[in-house]
Amino acid sequence: MKEFTLDDRLANDSVSVAITGLCDVRLMKDRRWPWLVLIPRRPDKSEVFELTPLDRILLTFETDKVASALKTVTGATKINVGALGNIVRQLHVHVIARFEGDANWPGPVWGYGKAEPYSDEDMNSLIAKLRETLSQ
Numbered sequence: 001m002k003e004f005t006l007d008d009r010l011a012n013d014s015v016s017v018a019i020t021g022l023c024d025v026r027l028m029k030d031r032r033w034p035w036l037v038l039i040p041r042r043p044d045k046s047e048v049f050e051l052t053p054l055d056r057i058l059l060t061f062e063t064d065k066v067a068s069a070l071k072t073v074t075g076a077t078k079i080n081v082g083a084l085g086n087i088v089r090q091l092h093v094h095v096i097a098r099f100e101g102d103a104n105w106p107g108p109v110w111g112y113g114k115a116e117p118y119s120d121e122d123m124n125s126l127i128a129k130l131r132e133t134l135s136q
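Mapping the sequence shown onto the working numbering, position 114 (from 1) lands on 114, and the numbers just tick up by one.
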């Protein structure tokens, strides 16, 4: 059986927040938008329908839990959820907190401008709040 490995681009652009039953939940290194990515820890998956029925249920449950936690922690106006894969084929689900007046509001986040890194203090604080909320 092949082991799960994280795509290098996801590894370089994000930091792990939590491991859930199915996913590695990661924070994107772009402070313009609090942006989490759920990556199911299953090898060679690029589409949701390639998961087993149980894994699809787990992914839905975990996506909802992460989206709710992100909204609670950030007070976002809107939480956007999407599974794209045109550049990074490894299956991953984006959960993005959006605010009226944020960078490119109300347009999409993809391909807009250049990523702005978090300070270590801000990133660690956000991760701690997310972990606490996810554990409840």
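Heads up, the beta-carbon is just placed ideally off N, CA and C, and yes, glycines get one too.
query                                                                                                                                     : result
Using 8 Å as the Cβ pair cut-off and three pairs as the minimum, do the stretch 29 to 37 and the stretch 48 to 57 touch?                  : no
Would you say LYS29 and SER14 are within 8 Å of each other, going by their C-beta atoms?                                                  : yes
If ASN86 sits next to ILE96, beta carbons under 8 Å apart, how far is it from one beta carbon to the other, in whole angstroms?           : Contact doesn't hold; Cβ gap of about 17 Å is too wide.
Between LEU10 and the rest of its own chain, which residues show a CB-CB distance below 8 Å, the 5 nearest in sequence each way excluded? : ARG26, VAL37, ILE39, VAL88, GLN90 and HIS92
For GLU121 and THR72, what's the separation of their Cα atoms in angstroms?                                                               : 20 Å
Do you know whose CA, among TRP110, GLU62 and ASN124, lies nearest SER135's CA?                                                           : GLU62
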